[in-house]
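> Residue numbering for the sequence shown is 1 to 409, as defined by the UniProt record's numbering.
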Amino acid sequence: MKTKVLSIALAFASITAIAQKKEIRSAQKAIEAGNYTEAKKLLASVESIIGNESNSRQADFYLAQGKAFALDKNNQGLEELLKASKALNKAKDLGEADEATKQLLELKNNVVNSAIEDQNNQKYKSAAEKLYSAYKLNPTDTVYLYYAASNYVNQKEFDKAITYYEELRDLGFTGKGTEYTAVNKETGQRETFQSEKQRDLFVKSGQYSDPASEKLPSKRGEITKNLALIYLEKNQEDKAINAIEDAKKENPNDTQLLLAEANVYNQMGKTDKYAEVIEKVIKLDPNNATLYYNLGVTSTQMNQPEKAITYYKKAIEIDPDMNEAYINMASTILTKEKPLIDEMNNLGMSAADNKRYDVLSKQRKDIYREAIPYLEKVVEKNPTHTQAKQTLKSIYLQLGEEAKAKALN
1 MKTKVLSIAL
11 AFASITAIAQ
21 KKEIRSAQKA
31 IEAGNYTEAK
41 KLLASVESII
51 GNESNSRQAD
61 FYLAQGKAFA
71 LDKNNQGLEE
81 LLKASKALNK
91 AKDLGEADEA
101 TKQLLELKNN
111 VVNSAIEDQN
121 NQKYKSAAEK
131 LYSAYKLNPT
141 DTVYLYYAAS
151 NYVNQKEFDK
161 AITYYEELRD
171 LGFTGKGTEY
181 TAVNKETGQR
191 ETFQSEKQRD
201 LFVKSGQYSD
211 PASEKLPSKR
221 GEITKNLALI
231 YLEKNQEDKA
241 INAIEDAKKE
251 NPNDTQLLLA
261 EANVYNQMGK
271 TDKYAEVIEK
281 VIKLDPNNAT
291 LYYNLGVTST
301 QMNQPEKAIT
311 YYKKAIEIDP
321 DMNEAYINMA
331 STILTKEKPL
341 IDEMNNLGMS
351 AADNKRYDVL
361 SKQRKDIYRE
371 AIPYLEKVVE
381 KNPTHTQAKQ
391 TLKSIYLQLG
401 EEAKAKALN
């Protein structure tokens, strides 16, 4: 009797295994056909007993489950994305490393690219939610939490932004490091990899090309600045200053943090404190071209063009190859023409008005001549910089220098 029971049990187990295999195959076919709902349904019917199967069969199951959730773009909330990630990581651990890793990378990049599209369309909340999802897919990708916080700032959902920034601070996030990228031959998109080794493996597979590496500066100062500015927005000046002071405890001479502190004092209208901090920053790093460039940007934001120009000149003096400094220098110089144009447009037709118009017109041309060397330098260093070429061409025409304008064509 015991032998018969055993044979029946074995037969039943065999039938169950065949059924599981059938469901997995049917789910794989449904995925290939784009019927992800059907695939999920088929896989759910055998999920409770898949643990009794071989590693190979389990790997097939979790790979199919991961794909079903990862590829179903109509149902990609955080819960679905995490299910996809969990299943694909299980498949990877069970032996499907190559296919699961590829699918995980595609999943993350699809979410990130969709977030970038939303951000470009000023759908900041949607972008933030997707970037947070990318972070949850792999919590080591803390940079996506940083970008999620930034989008919540743009959305003016400050409480959410504070939560994420504080989490980044507690994690010790700086953002400093190296970003490894390559171009997906199928989509034409440049995608980010977790490591140089992973990037090189995908390039070697022939699916990616044009590998690149980029050094990323620390974002610690910007995070602290944003936290402080959010506190100011909420009329919490003490918290703003405390955020800066807490960050400075670890590194009181961090120029990025000091610039953030100066920015906060400027927002508070404490110009004396702002000037005091800026003076300290310059003494700490007097030959840092990027520092002077950032000071130029800050001065522009403070509507102090002459001070900005002074800083940009210093940046160029230290680093003659800093293209961004030439661009911003020309742009800042050209902002000085706006009040002249406004006054010219409001003049009448009297003799006095005509005389004043001529004076303003000459001043305007002087501004153009001041900007020309910097625009020419931009075009010389970067001949494909369309905006610089168009601006320079327009200025040449305004000054009657048709030959130079024609040469730019």
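Backbone N, C-alpha and C define an ideal beta-carbon position, used for all residues, glycine too.
Could you give the distance in angstroms between the alpha-carbon of L227 and the alpha-carbon of L137?
25 angstroms
> What does the Cβ neighbour count give for L284, buried or exposed, with the cut at 16 atoms within 10 Å?
exposed
> From G66 to D210, what distance separates their C-alpha atoms?
Cα atoms of G66 and D210: separation of roughly 29 angstroms, rounded to the nearest angstrom.
> Is Q390 helix, strand or coil when you go by DSSP?
helix
> Work out the CA separation of N346 and N263 for me, nearest whole Å.
36 angstroms
> Given a threshold of 16 other Cβ atoms within 10 Å of its Cβ, counted over all protein chains shown, does R369 qualify as buried or as exposed?
Within 10 angstroms of the beta-carbon of R369 lie fewer than 16 other beta-carbons, which makes it exposed.
> Going by beta carbon distance, what residues of the same chain come within less than 8 angstroms of K365, once the five residues before and after it are set aside?
Q398 and L399
> Buried or exposed: which applies to A407, given that a residue is buried once 16 or more other Cβ atoms fall within 10 Å of its Cβ?
Taking all protein chains shown into account, A407 has fewer than 16 neighbouring C-beta atoms within 10 Å of its C-beta and is therefore exposed.
> From which residue to which residue does the alpha helix (DSSP H) around T178 run?
Where T178 is concerned, there is no enclosing alpha helix (DSSP H), although the beta strand (DSSP E) around it starts and stops at G177 to N184.
> Once the 5 residues before and after A149 are set aside, which same chain residues still bring their CB inside 6 angstroms of it?
Only A161, Y164 and Y165 meet the Cβ criterion.
> With C-beta atoms as the reference, is P305 less than 9 angstroms away from T271?
no
> Locate the beta strand (DSSP E) running through E214, then write down its first and last residues.
Y208 to L216
> My parser needs the alpha helix (DSSP H) runs of 4 or more residues fully inside the region 333-358; what are they?
338-345
> Hey, out of I372, P339 and L295, whose CA is closest to I327's CA?
I372
> Any idea if K362 is buried or exposed, counting beta-carbon neighbours within 10 angstroms, 16 or more meaning buried?
K362 comes out exposed.
> Could you work out which residue in K123, T174, K156 and Y152 is closest to D141 when comparing CA atoms only?
Closest option to D141, Cα to Cα, is T174.
> Please identify the residue among E38, E32, S45 and T37 whose C-alpha is closest to the C-alpha of K21.
S45
> Could you compute how far the alpha carbon of I49 sits from the alpha carbon of V112?
Those two C-alpha atoms are separated by around 35 angstroms.
> Who are the Cβ neighbours of R220 in its own chain at under 6 angstroms, not counting the five residues just before and after it?
T174
> Between the region 121-129 and the region 149-159, do at least 3 Cβ pairs fall closer than 8 angstroms?
yes
> In angstroms with no decimal places, state the Cα-to-Cα distance between F202 and L78.
27 angstroms
> Would you mind working out which of D358, I367 and K404 sits nearest V379, comparing C-alpha positions?
When each option's Cα is compared against that of V379, the closest is K404.
> Going by beta-carbon coordinates alone, are Y274 and A325 separated by less than 9 angstroms?
no
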